[in-house]
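Here is the structure we will look at.
There are 2 protein chains.
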Amino acid sequence: MTPSSASIAHASNNDFYADNEKLYVATDCIVFGFDDGDLKLLIFKRRVEPDSGIWSLIGSFVQLDEDVDDAARRVLKEITGLDQIFLEQSKTYGKADRDPGYRCLSVAHYALIRLQDYDKELVESHGAYWYTLKELPKLALDHDLMVQDALDKLRRKARHQPIGFELLPEKFTIPQLQKLYEAIYQRELDPRNFRKKALSLKVLVKLDEKDKSGSKRGAFLYRFDAEKYEELLQSGYNFEI
Amino acid sequence: MTPSSASIAHASNNDFYADNEKLYVATDCIVFGFDDGDLKLLIFKRRVEPDSGIWSLIGSFVQLDEDVDDAARRVLKEITGLDQIFLEQSKTYGKADRDPGYRCLSVAHYALIRLQDYDKELVESHGAYWYTLKELPKLALDHDLMVQDALDKLRRKARHQPIGFELLPEKFTIPQLQKLYEAIYQRELDPRNFRKKALSLKVLVKLDEKDKSGSKRGAFLYRFDAEKYEELLQSGYNFEI
DNA sequence: TTAAAAAAACGTATTTTGTACGCTTAAAAT
DNA sequence: ATTTTAAGCGTACAAAATACGTTTTTTTAA
Numbered sequence: 001m002t003p004s005s006a007s008i009a010h011a012s013n014n015d016f017y018a019d020n021e022k023l024y025v026a027t028d029c030i031v032f033g034f035d036d037g038d039l040k041l042l043i044f045k046r047r048v049e050p051d052s053g054i055w056s057l058i059g060s061f062v063q064l065d066e067d068v069d070d071a072a073r074r075v076l077k078e079i080t081g082l083d084q085i086f087l088e089q090s091k092t093y094g095k096a097d098r099d100p101g102y103r104c105l106s107v108a109h110y111a112l113i114r115l116q117d118y119d120k121e122l123v124e125s126h127g128a129y130w131y132t133l134k135e136l137p138k139l140a141l142d143h144d145l146m147v148q149d150a151l152d153k154l155r156r157k158a159r160h161q162p163i164g165f166e167l168l169p170e171k172f173t174i175p176q177l178q179k180l181y182e183a184i185y186q187r188e189l190d191p192r193n194f195r196k197k198a199l200s201l202k203v204l205v206k207l208d209e210k211d212k213s214g215s216k217r218g219a220f221l222y223r224f225d226a227e228k229y230e231e232l233l234q235s236g237y238n239f240e241i
Numbered sequence: 001m002t003p004s005s006a007s008i009a010h011a012s013n014n015d016f017y018a019d020n021e022k023l024y025v026a027t028d029c030i031v032f033g034f035d036d037g038d039l040k041l042l043i044f045k046r047r048v049e050p051d052s053g054i055w056s057l058i059g060s061f062v063q064l065d066e067d068v069d070d071a072a073r074r075v076l077k078e079i080t081g082l083d084q085i086f087l088e089q090s091k092t093y094g095k096a097d098r099d100p101g102y103r104c105l106s107v108a109h110y111a112l113i114r115l116q117d118y119d120k121e122l123v124e125s126h127g128a129y130w131y132t133l134k135e136l137p138k139l140a141l142d143h144d145l146m147v148q149d150a151l152d153k154l155r156r157k158a159r160h161q162p163i164g165f166e167l168l169p170e171k172f173t174i175p176q177l178q179k180l181y182e183a184i185y186q187r188e189l190d191p192r193n194f195r196k197k198a199l200s201l202k203v204l205v206k207l208d209e210k211d212k213s214g215s216k217r218g219a220f221l222y223r224f225d226a227e228k229y230e231e232l233l234q235s236g237y238n239f240e241i
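From first to last, the protein sequence lines stand for chains A and B.
Count the first sequence with the UniProt record's numbering and you get residues 1 to 241, in order.
Count the second sequence with the UniProt record's numbering and you get residues 1 to 241, in order.
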């Protein structure tokens, strides 16, 4: 039997790849975080040959019996200790010469995590660090491109779906939310109009607590109401921020 | 040496996949066309075992020395005879059990072609046919899902980028353009408002010809001005239709 | 002790964009 | 000649985005 996806050419060729030839599949994760007004990226410096000392995204081969997206989740868990976080396929990088010596393609995924939640020791033990996007060093292979593409997808998606909240603590203030979107969209927003817009979405719940860390006066904390958002979606709601 | 993408786990394992195990990579193409007010899809009925008689997307294995997107272009050329058409990666399907018997993942691409241009004989000779989206038969494997996902991407992308024109003849009328967007968005649009919106984008050039096929009165033909669009993009233009 | 500073929070005016829908025009069919 | 149909133009109204003034709360410095 032959994979039925490859339906036209070579459909009856059971040995499409020669015995001594192999195609590797890896996954790389673009892990975004947000703190102090800046988008950050989790990258690590390889400590073993080859490419020791080169910064790159975290990744792994996809195992033969493993779903590709499970591989990405596995990597993320290995490095950050985190489960159940926002993870979405970004793009597959399949240039024949993208990895010298081997034929290896990579299915990139991007993840959004809260910088308060991850396992700091685990991250350190893997030689991984958070870098501000602007201060990002040159990365290995086509990883720079992967970051650019993922950032682009994040920007587009954030505008129409409430994924920004994945990057903030459970409780956040309106000014914090604004800074996040300013970082994502790379432009300043008017605080008064942003507040109006954010509250008009009807998915923020005002709490009876204030956060004093950001300003003298302190700002009320809010949380994102996921159930409310789902309800609104059912009734044909069009989220846009 | 080891692929540097797979940077964390197993980085020093040169034989990540056992000698007798192989991972196949294929590409499948979701080929969209537009005619007579309907979006159409190019699918084909397998004529050889296994899965003979099952409808599926057109596709092929990715060769070892071939870029993944080149593989998609090759498939498209093989079946339609067309070069240089809109082709974009949609998503990678990597469930371990998606293709029974083999471990095969597929990098899906979607293409937009003009139904006037393709090589009819070539298409027929491959057992391929155009199906209206609504009348689409059940497809093999996860191809139904691929179609849904690609359609979703097409809808999102068409709203913010002028890719609709890839589906129309070089010269088209405003009512034709409207029918296209009605098919893409699956809802009716007001002809007067649509015309206003379309012309306000400043990327349509009115020609001195009329098309009489669609109505008694006939409607003026327009063409999409790609250069003008690029100019507008440079000056921070936000296309939206 | 009070005044100035800073950011949160609320409000209002103006402009832009979207939506609903009436009217005229051109050409074919009756 | 009149009716029919869709193209094409215009106008009124509603909703949303934008710009920006004002008040409130608290800290810090005079």
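For each residue, glycine too, the CB sits at the ideal point set by N, CA and C.
Chain B within 9 Å of residue i, Cβ atoms only
i	result
residue 181 of chain A	no
residue 6 of chain A	The predicted position of residue 6 of chain A is uncertain, since its pLDDT is 47 and thus under 50; a value taken from the coordinates is nonetheless stated next. Yes, contact with chain B.
residue 112 of chain A	no
residue 69 of chain A	yes
residue 17 of chain A	yes
Residue i at chain A interface by Cβ criterion, 9 Å
i	result
residue 64 of chain B	yes
residue 22 of chain B	yes
residue 107 of chain B	yes
residue 25 of chain B	yes
residue 131 of chain B	no
residue 229 of chain B	no
Cβ-Cβ distance between residue i and residue j below 9 Å
i	j	result
residue 99 of chain B	residue 141 of chain B	yes
residue 33 of chain A	residue 179 of chain A	no
residue 31 of chain B	residue 58 of chain B	yes
residue 40 of chain A	residue 131 of chain A	yes
residue 92 of chain A	residue 173 of chain B	no
residue 201 of chain A	residue 162 of chain A	yes
residue 175 of chain A	residue 214 of chain A	yes
residue 22 of chain A	residue 73 of chain A	no
residue 47 of chain A	residue 56 of chain A	no
residue 229 of chain B	residue 171 of chain B	no
Where the alpha helix (DSSP H) containing residue i begins and where it ends
i	result
residue 273 of chain A	Because residue 273 of chain A is not part of the residues shown, which for chain A are 1 to 241, the question remains open.
residue 17 of chain A	Note, residue 17 of chain A: premise wrong, no alpha helix (DSSP H); not H, not E.
residue 78 of chain A	68-80
residue 178 of chain A	174-185
residue 158 of chain A	143-160
residue 194 of chain B	191-200
residue 125 of chain B	120-125
Cα-Cα separation between residue i and residue j, rounded to whole angstroms
i	j	result
residue 237 of chain B	residue 113 of chain A	32 Å
residue 186 of chain B	residue 62 of chain B	34 Å
residue 10 of chain A	residue 28 of chain B	Annotation note: pLDDT 37 at residue 10 of chain A (below 50); position unreliable, coordinate value reported separately. In a straight line, the C-alpha of residue 10 of chain A is about 14 Å away from that of residue 28 of chain B.
residue 149 of chain B	residue 217 of chain A	47 Å
residue 122 of chain A	residue 86 of chain A	19 Å
residue 184 of chain B	residue 234 of chain A	21 Å
residue 242 of chain A	residue 67 of chain B	The question about residue 242 of chain A has no answer, for chain A in this structure spans 1 to 241.
residue 43 of chain B	residue 81 of chain B	15 Å
residue 189 of chain A	residue 153 of chain A	21 Å
residue 115 of chain A	residue 197 of chain A	26 Å
residue 75 of chain B	residue 155 of chain B	24 Å
residue 165 of chain B	residue 65 of chain A	42 Å
residue 95 of chain B	residue 220 of chain B	49 Å
residue 263 of chain B	residue 124 of chain A	The question about residue 263 of chain B has no answer, for chain B in this structure spans 1 to 241.
residue 120 of chain A	residue 208 of chain A	31 Å
residue 118 of chain B	residue 191 of chain B	30 Å
residue 203 of chain B	residue 35 of chain B	22 Å
residue 18 of chain A	residue 18 of chain B	14 Å
residue 51 of chain B	residue 147 of chain B	19 Å
Closer than 8 Å: residue i CB and nearest the ligand NAP heavy atom
i	result
residue 57 of chain A	Ligands displayed in this structure: none; no statement on the ligand NAP is therefore possible.
Residue span of the beta strand (DSSP E) that contains residue i, given as start and end
i	result
residue 30 of chain B	24-35
residue 165 of chain A	Premise fails: residue 165 of chain A is in no beta strand (DSSP E) and is neither H nor E.
residue 208 of chain B	204-211
residue 106 of chain A	104-112
residue 87 of chain A	86-93
residue 38 of chain B	38-45
residue 129 of chain A	128-132
Checklist entry - Which residues, taken in chain order from the region 77-105 of chain A, show a beta carbon closer than 9 Å to some beta carbon of chain B? => result 78, 79, 89, 91, 92, 93, 94, 95, 96, 97, 98, 99, 100, 101, 102, 103, 104 and 105
Item to check | Selection of the region 45-61 of chain A by Cβ proximity to chain B, strictly under 9 Å | outcome: 46, 48, 49, 50, 51, 54, 56, 57, 58, 59, 60 and 61
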